[in-house]
Amino acid sequence: MPALHPSFRRTPPATALTPGVTADPVASFLECHDRIRTFLAGLGRLAALDDLADPRAPDAARACARYFSIGLPLHGQDEDESLSPRLRLVATDDVLDALDRMTQDHREMDGGLPMLLAQLEGVIAGDPPAPEALRASHRWLEALMDAHMAMEEAIIFPAARGLEAAELSAIAAEMRGRR
Ligand SMILES: [Fe+2]
Ligand SMILES: [Fe+2]
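Just so you know, the sequence shown maps onto residues 10 to 188 in the numbering used here.
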């Protein structure tokens, strides 16, 4: 039997990179935030190496690249496409402002991630960037995400807990459908 063309090989399931979606989507969002903080810390340890040609660097870079190219964008999609449209219908002004800021932050994240991913690909391929370049990318993403997640946890998620049970179930179903 001929070998499958590489393009037919399955990519790792997104479930390996994102926590299981429970019936409570807000709990799932918070688990995703834990995962984001874990990978930010891992990226920080990688960027702190004196030399990115270190033999430990490619595996760490591969794990970070998978998470920041699959898991993190899926989380943003869950918030922008499943949570935000439902919450907007019932939101107070301060929650609406927070949702606007959430979307802006996600755009900023999308704009900067290709640079970080290119640096990580360089580490994986044995052509690493200067450590300071990776440190700058880590500082940028950590600063953005720290403020972003704190805002979501303080304003958006508490408001989401007030959604009707049927709406929360629909959000959870859409999140499962993405994985
Ligand atoms: Fe977000
Ligand atoms: Fe989030």
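Where a beta carbon is used, it is the ideal one built from N, C-alpha and C, also for glycine.
**Report entry** Residue environment, Gly186, which counts as buried when at least 16 other CB atoms sit within 10 Å
**Finding:** exposed
Query raised in the report: Can you tell me the Cα-Cα spacing of Asp60 and Pro140, whole angstroms?
Result: 7 Å
Query raised in the report: Do Ser93 and Leu126 have their C-beta atoms closer together than 8 Å?
Result: no
Query raised in the report: What's the C-alpha gap between Ala175 and Leu108?
Result: 21 Å
Query raised in the report: Out of curiosity, what's the CA-to-CA distance linking Ala86 and Pro137?
Result: Residue identity differs from the one stated: residue 86 is Gln in this sequence, not Ala. Cα to Cα, the separation comes out at about 30 Å.
Query raised in the report: By the 10 Å Cβ neighbour count, where 16 or more other Cβ atoms means buried, how is Glu8 classified, buried or exposed?
Result: An answer regarding residue 8 cannot be provided, because it is not within the stretch 10 to 188 covered by the chain.
Requested in this report: State buried or exposed for Leu13, treating a residue as buried only when at least 16 other CB atoms are found within 10 Å of its CB.
Outcome: Residue placement at Leu13 cannot be trusted, given a pLDDT of 39 that sits under 50; the coordinates are not used to answer.
**Report entry** Environment of Ala181 [buried if 16+ CB atoms lie within 10 Å]
**Finding:** buried
Query raised in the report: Mind pulling the alpha helix (DSSP H) runs of 4 or more residues that sit fully within the segment 49-127?
Result: 66-75, 81-86, 93-97
Query - Leu172, DSSP secondary structure in three states - result: coil
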